[in-house]
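Engineer: Numbering (our numbering), first residue to last: 8 to 277.
Structure provided below as structure tokens; questions to follow.
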């Protein structure tokens, strides 16, 4: 082989090797992260539809947990805790740690955890649907006060928490970030008739909340849930219970629901 051709071949080979060395190498964890997110259930907030909670994280929580407390004027203690996604629920107790807690196995390596419950609402090993009540918020175990300690794990490793596919922040204290739940909002609701005219439907169970629509007269409504809010005095009645209407996407005082009970029968708490 002529010397010039031999030299050219050697240079070409060196360039090819250099090109291989310069190809970007994908980080080892990148593919895992992408597939992990893709495989995750569409988790929803672990508390009822329409409620606004604030959340925080502290460094001692090694599994990327977030702690949630109510920020809408409601009482954290005793509020229903809901399944973030469907799965099989298991009950546990840890006196010096999580207290009463539930783990839900969702399949595909995913689990969620709900700590410090005041009570369980499902049997051990029961199948639960997304939005189903699994317990009530409390402060059992090693806890500074009522809250939901919530975790999402993949193959036993804590993950950054995502709700509706969106990653949440990890603030060091409460009242920096807030999350309003849409968990359990899609039910058919319980049918009732309203009475009265010009009844204002508000965005929340407070007289200061914005009006979203007005009921001109008696009409059929679907009530998704009810909660306590501002006390209303009207038409000779006093009541602090409010109903969330499915089709109007807002709240009215239970005074205007055509039922004699202050707290409506057969309607879950928000």
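For each residue, glycine too, the CB sits at the ideal point set by N, CA and C.
Quick caveat, the model's predicted, so the values are computed rather than measured.
In whole angstroms, give me the CA-to-CA distance for residue 199 and residue 115.
Structural biologist: Looking up residue 199 in the chain shown gives position 192. Looking up residue 115 in the chain shown gives position 108. Going from the Cα of residue 199 to the Cα of residue 115 covers about 41 Å.
Engineer: Look up residue 49 in the DSSP assignment and say whether it is helix, strand or coil.
Structural biologist: The sequence position of residue 49 within the chain shown is 42, counting from 1. In this structure, residue 49 counts as coil in the three-state DSSP scheme.
Engineer: May I ask you to verify whether the region 140-159 touches the region 104-112, counting CB pairs closer than 8 Å and requiring at least 3?
Structural biologist: Segments in contact, yes.
Engineer: Which first and last residues belong to the beta strand (DSSP E) in which residue 183 is found?
Structural biologist: For this step, residue 183 is matched to residue 176 along the chain shown. Where residue 183 is concerned, there is no enclosing beta strand (DSSP E), given that its DSSP letter is neither H nor E.
Engineer: Could you tell me the alpha carbon to alpha carbon distance between residue 137 and residue 245, rounded to whole angstroms?
Structural biologist: Within the chain shown, numbered from 1, the residue matching residue 137 stands at position 130. Within the chain shown, numbered from 1, the residue matching residue 245 stands at position 238. Rounded to whole angstroms, residue 137 to residue 245 spans 35 Å at the Cα level.
Engineer: I want to know whether the region 69-80 touches the region 160-178 - three or more CB-CB distances under 8 Å.
Structural biologist: Touching, per the Cβ criterion.
Engineer: Alpha carbon to alpha carbon, what distance is there between residue 104 and residue 31?
Structural biologist: Here residue 31 refers to the residue found at position 24 when the chain shown is read from its first residue. Here residue 104 refers to the residue found at position 97 when the chain shown is read from its first residue. Residue placement at residue 31 is poorly supported in this model, since its pLDDT is 32, which falls under 50; the coordinates still yield a value, given next. C-alpha separation (whole angstroms): 45 Å.
Engineer: Taking DSSP as the reference, what is the three-state secondary structure of residue 155?
Structural biologist: Translated into positions along the chain shown, residue 155 becomes position 148. If DSSP states are grouped into helix, strand and coil, residue 155 belongs with the strands.
Engineer: Residue 260 and residue 239: beta carbons closer than 8 Å?
Structural biologist: Reading the chain shown from its first residue, position 253 is the one you call residue 260. Reading the chain shown from its first residue, position 232 is the one you call residue 239. Yes, the Cβ-Cβ distance between residue 260 and residue 239 is below 8 Å.
Engineer: What are the start and end residues of the beta strand (DSSP E) that includes residue 241?
Structural biologist: Taking the first residue of the chain shown as position 1, residue 241 is located at position 234. Counting along the chain, the beta strand (DSSP E) containing residue 241 begins and ends at 227-241.
Engineer: Cα-Cα, which of 189, 219 and 267 is closest to residue 231?
Structural biologist: As a first step, residue 231 must be located in the chain shown, where it is residue number 224. Comparing Cα positions, the closest option is 189.
Engineer: What three-state label does DSSP hand residue 62 in the structure shown?
Structural biologist: The residue you call residue 62 lines up with position 55 of the chain shown. The answer is strand: DSSP assigns residue 62 an E or B state.
Engineer: Which ranges does the beta strand (DSSP E) cover as unbroken runs of at least 3 residues, wholly within the region 86-126, from first to last along the chain?
Structural biologist: Taking only runs of at least 3 residues, the beta strand (DSSP E) segments lying wholly in the region 86-126 are 87-89, 94-101, 106-114 and 117-124.
Engineer: Under the three-state reduction of DSSP, which class applies to residue 264: helix, strand or coil?
Structural biologist: One-based indexing of the chain shown puts residue 264 at position 257. DSSP places residue 264 in strand when its eight states are reduced to three.
Engineer: For residue 170, does the three-state DSSP call read helix, strand or coil?
Structural biologist: For the purposes of this step, residue 170 is taken as the residue at position 163 of the chain shown. Residue 170 falls in the strand class under three-state DSSP.
Engineer: Which of the three DSSP states, helix, strand or coil, is assigned to residue 202?
Structural biologist: As a first step, residue 202 must be located in the chain shown, where it is residue number 195. Correct three-state label for residue 202: coil.
Engineer: Hey, is the region 124-131 in contact with the region 162-172, meaning 3+ C-beta pairs nearer than 8 Å?
Structural biologist: No, they do not touch.
Engineer: Pairs of beta-carbons, one from the region 255-269 and one from the region 203-210, closer than 8 Å: are there three or more?
Structural biologist: The region 255-269 is in contact with the region 203-210.
Engineer: Does the beta-carbon distance from residue 63 to residue 181 come in below 8 Å?
Structural biologist: As a working mapping, residue 63 is identified with position 56 in the chain shown. As a working mapping, residue 181 is identified with position 174 in the chain shown. Their beta carbons are under 8 Å apart, which means residue 63 touches residue 181 by this criterion.
Engineer: Mark residue 130 as exposed unless 16 or more other C-beta atoms lie within 10 angstroms of its C-beta, in which case mark it buried.
Structural biologist: Residue 130 sits at position 123 when you count from the first residue of the chain shown. Its Cβ having fewer than 16 others within 10 Å, residue 130 is exposed.
Engineer: Between the C-alpha atoms of residue 192 and residue 235, what's the straight-line distance to the nearest angstrom?
Structural biologist: Numbered from 1 along the chain shown, position 185 holds the residue referred to as residue 192. Numbered from 1 along the chain shown, position 228 holds the residue referred to as residue 235. Going by the C-alpha atoms only, they are around 18 Å apart.
Engineer: Is it buried or exposed for residue 218, if we count other Cβ within 10 angstroms and need 16 for buried?
Structural biologist: By one-based count along the chain shown, residue 218 stands at place 211. Answer is exposed; the Cβ neighbour count stays below 16.
Engineer: How big is the Cα-Cα spacing for residue 43 and residue 187?
Structural biologist: Here residue 43 refers to the residue found at position 36 of the chain shown. Here residue 187 refers to the residue found at position 180 of the chain shown. In this prediction, residue 43 scores a pLDDT of 47, lower than 50, which makes its location untrustworthy; the coordinate-derived value is nonetheless stated afterwards. Roughly 25 Å separates the two Cα atoms.
Engineer: Under the assumption that residue 249 contacts residue 212 (Cβ atoms under 8 Å), give the Cβ distance between them as a whole number of angstroms.
Structural biologist: Working through the chain shown from its first residue, we reach residue 249 at position 242. Working through the chain shown from its first residue, we reach residue 212 at position 205. At roughly 4 Å, the Cβ-Cβ gap stays under 8 Å, so residue 249 and residue 212 are in contact.
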